[in-house]
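Student:
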Ligand code: AMP
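Numbering (my numbering), first residue to last: 1 to 607.
1) Can you check DSSP and say which residues form a bridge with residue 169?
2) Could you check what DSSP says for residue 32 in three-state terms: helix, strand or coil?
3) Taking only three categories from DSSP, how would you classify residue 600?
4) Per DSSP, what kind of secondary structure is residue 533 in: helix, strand or coil?
5) Considering only C-alpha positions, which residue in the set 57, 27 and 65 is nearest to residue 39?
6) Do you know how far the Cα of residue 346 is from the Cα of residue 538?
7) Please list the segments of the beta strand (DSSP E) lying wholly inside the region 217-304, counting only runs of 3 or more residues, in order along the chain.
8) Could you say which of 52, 215 and 196 lies nearest to residue 246 if we only look at CA atoms?
9) Measuring only from the beta carbon, is residue 380 closer than 7 Å to any heavy atom that is part of ligand 1?
10) Closer than 8 Å is the cut-off here; do at least three beta carbon pairs connect the region 22-32 with the region 43-53?
11) Could you tell me the alpha carbon to alpha carbon distance between residue 56 and residue 373, rounded to whole angstroms?
12) Going by Cα to Cα distance, which pick from 42, 106, 103 and 217 is closest to residue 139?
13) Sorry if obvious, but does the Cβ on residue 253 come closer than 7 Å to a heavy atom of ligand 1?
14) Classify residue 434 as buried or exposed, calling it buried when 16 or more other Cβ atoms lie within 10 Å of its own Cβ.
15) Can you give me the Cβ contacts of residue 478 inside the same chain, cut-off strictly under 7 Å, excluding the 5 residues immediately before and after it?
16) With a Cβ-Cβ cutoff of 8 Å, do residue 324 and residue 312 count as a contact?
17) At the level of alpha carbons, what is the spacing between residue 193 and residue 67?
18) Write down every uninterrupted run of the alpha helix (DSSP H) in the region 418-503 whose length is 4 residues or greater and which is fully enclosed by it, in chain order.
19) Where are the beta strand (DSSP E) runs, 3 residues long or more, that stay fully inside the region 383-408, in chain order?
20) For residue 411, which beta-bridge partners are listed by DSSP?
21) Does the beta carbon of residue 458 come closer than 8 Å to any beta carbon on chain C?
22) The beta strand (DSSP E) that contains residue 310, what's its start and end?
23) Give the secondary structure of residue 364 by DSSP, where H, G and I count as helix, E and B as strand, and everything else as coil.
24) Compare the C-alpha of residue 572 against each of 276, 514 and 308 and name the closest.
25) So, for residue 177: in the same chain, excluding its five sequence neighbours on each side, which residues have a beta-carbon less than 6 Å away from its beta-carbon?
26) Out of 472, 491, 103 and 475, state which residue places its alpha-carbon closest to the alpha-carbon of residue 481.
27) I need the straight-line Cα distance from residue 149 to residue 103, nearest angstrom please.
28) Cβ of residue 330 within 8 Å of Cβ of residue 351?
29) Report the residue ranges of all alpha helix (DSSP H) runs contained in full by the region 324-384; include only those spanning at least 4 residues, in chain order.
30) Bridge partners of residue 120, per DSSP?
31) Measure the C-alpha to C-alpha separation of residue 525 and residue 535 and round it to an integer number of angstroms.
32) For the alpha helix (DSSP H) that contains residue 106, what are its first and last residues?
33) State the start and end residues of the unbroken beta strand (DSSP E) segment that holds residue 73.
34) Taking the alpha carbon of residue 501 as the point to measure from, which residue in 314, 483, 35 and 533 has its own alpha carbon closest?
35) DSSP three-state call for residue 559: helix, strand or coil?
36) I'd like to know if the region 249-259 and the region 165-182 are in contact, where contact means that at least 3 CB-CB pairs between them fall below 8 Å.
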């Protein structure tokens with residue numbers, strides 16, 4: 001592909017980056033050819049896995065292309081610590097490691113300890129993207145030369161949040177099929193220019209932003225790292241026709257220019273692409289209003305060399321909340337037995353087609369579970385609508401099992417995100433003494449926005465069945481993310497343990513003491529603090545009725561059962577009970593009940 005591009009698009013820009021002359025398609029091909037020759041003299045040939053630990057940017061893009069052309073590229077996150085490098089380099093059985101000249105990355109010491117030869121990348125006189133490789137010469141590699149279609153071009157590991165990361169080999173045929181499908185979906189042309197903000201150790205950046213763009217004869221601007229503050233300047237400077245990112249990046253971009261009413265930014269963009277995680281519909285709307293261009297949500301995964309489905313460009317319909325139509329491969333929904341389900345029915349998303357990996361490396365057990373009658377099971381749950389649009393409802397491993405009820409956390413995220421001022425919302429499982437798992441949610445607010453746990457729970461209670469309402473909602477400045485900028489729901493309870501842990505605070509008023517003592521009696525626990533959540537302590541609806549009946553007897557009036565769902569801590573419940581004893585407040589509460597839910601929540605917030 002690169003060779004053909006050199007003859008078709010010769011002097012047109014292929015890769016661009018700050019402070020350097022653009023690298024043309026011809027120059028890119030020359031650099032790739034020179035690098036393949038250098039690798040051969042360093043003893044690296046076809047099929048040899050080469051770990052690449054370089055900072056983000058054009059050199060990394062070129063190194064990925066060149067190593068793939070003559071060996072197998074294994075780009076690793078440069079932020080890994082020594083232990084991680086040791087795991088990945090051992091698992092890869094790396095034939096060599098490429099690092100920048102004078103790099104002090106721990107990867108270097110790990111390579112030395114494993115006896116893996118280190119190759120240094122020395123920048124050329126003419127700037128980025130023009131470099132040479134330096135290392136100890138070795139006997140020529142056995143299978144030296146340019147790779148062919150079925151050679152493995154790239155290996156990446158799955159994120160491995162619940163198990164050991166799995167190695168995904170992708171051939172040249174896989175990568176080019178994916179690149180072509182993306183090019184066709186987005187109608188990419190030689191005149192298109194992508195602004196790449198995605199890390200180039202993730203499939204999204206490598207295939208959508210670099211390969212799909214080059215495959216169409218277009219160009220890609222290689223930034224050094226995503227930076228929401230610099231984003232408007234990049235649009236000015238590079239005049240890209242598109243960019244692709246994960247939803248958290250889009251959210252950060254939107255958060256830069258929050259003050260409504262939003263004025264559409266006049267830019268060179270033709271469309272915006274989002275992939276690799278669910279794009280909340282309000283973010284999609286916000287982006288379209290801000291930039292005045294269509295937002296195309298796509299569905300990708302490493303095992304499919306990235307794209308599996310995508311919403312089409314206008315005039316065809318893009319459906320918010322859907323990841324669109326299958327692109328160049330087949331998508332089916334399977335039940336547990338592997339039977340195909342009809343449209344409208346929910347099951348596991350399965351794929352087969354030219355961009356899907358042949359199987360995890362050295363992992364027969366994982367392959368036995370993942371492949372079923374030629375289908376690859378994605379581990380995602382979803383359904384197709386009558387027009388073939390795919391809706392992802394969650395990842396099977398992320399479902400929260402609350403006392404036997406299986407809850408897809410995305411539905412909760414979407415409700416919380418609909419509250420004014422909520423920028424990010426992530427529901428996740430926390431351990432629970434009797435239910436097994438309970439639901440918590442972490443929320444990031446826009447600058448200057450105000451909300452409290454009680455108001456958000458109230459808002460959620462109006463829109464979700466009670467068992468899906470998070471027992472705890474915590475406010476954080478940022479939700480922890482993985483190296484690719486994606487939120488990793490699994491393990492969030494551990495990572496947010498400090499924020500989740502509520503220090504014991506003794507009940508502070510007579511009513512709070514009464515409520516706490518009643519909860520203690522019913523749940524048979526030693527002490528209950530004023531901020532302890534009744535449901536997190538093991539409470540359920542039956543126990544809730546007992547607590548309210550006993551409290552009603554002590555106070556001399558009936559308390560409706562939903563009260564405890566809305567006010568699950570002694571502090572909140574006591575406050576509510578005090579209010580219920582004051583007639584004028586009763587009248588105000590009755591007025592509030594008549595208001596539409598959003599207005600009520602806003603009024604409660606103001607109060
Ligand atoms: P990765 O291999 O890192 O690209 O992650 C792939 C996973 O990301 C998929 O299996 C899905 O669970 C998730 N994913 C990718 N794109 C989307 C999307 N548009 N909506 C929802 N989940 C997505």
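We put the beta carbon where it would ideally sit given N, CA and C, even for glycine.
Predicted model only: the values in this text are computed from it and were never measured.
Tutor: Short version:
1) Beta-bridge partners of residue 169 (DSSP): 155.
2) helix
3) helix
4) coil
5) 65
6) 31 Å
7) 219-222, 242-245, 271-274 and 295-301
8) 196
9) yes
10) no
11) Roughly 39 Å between the two C-alpha positions.
12) 42
13) no
14) Label assigned to residue 434: exposed.
15) 444
16) yes
17) Going from the Cα of residue 193 to the Cα of residue 67 covers about 24 Å.
18) Taking only runs of at least 4 residues, the alpha helix (DSSP H) segments lying wholly in the region 418-503 are 453-461, 492-495 and 497-500.
19) 390-395, 400-402 and 405-407
20) Paired residues: none, contrary to the question.
21) Structure shown: chain C not included; a single protein chain is present.
22) Start and end: 306-310.
23) Note: residue 364 maps to helix in three-state DSSP.
24) 514
25) 354 and 355
26) If we check each option's Cα against that of residue 481, 491 comes out closest.
27) 33 Å
28) Closer than 8 Å, so yes.
29) 364-370
30) 99 and 134
31) Roughly 13 Å between the two C-alpha positions.
32) That run of the alpha helix (DSSP H) goes 106-114.
33) 72-75
34) 533
35) coil
36) no
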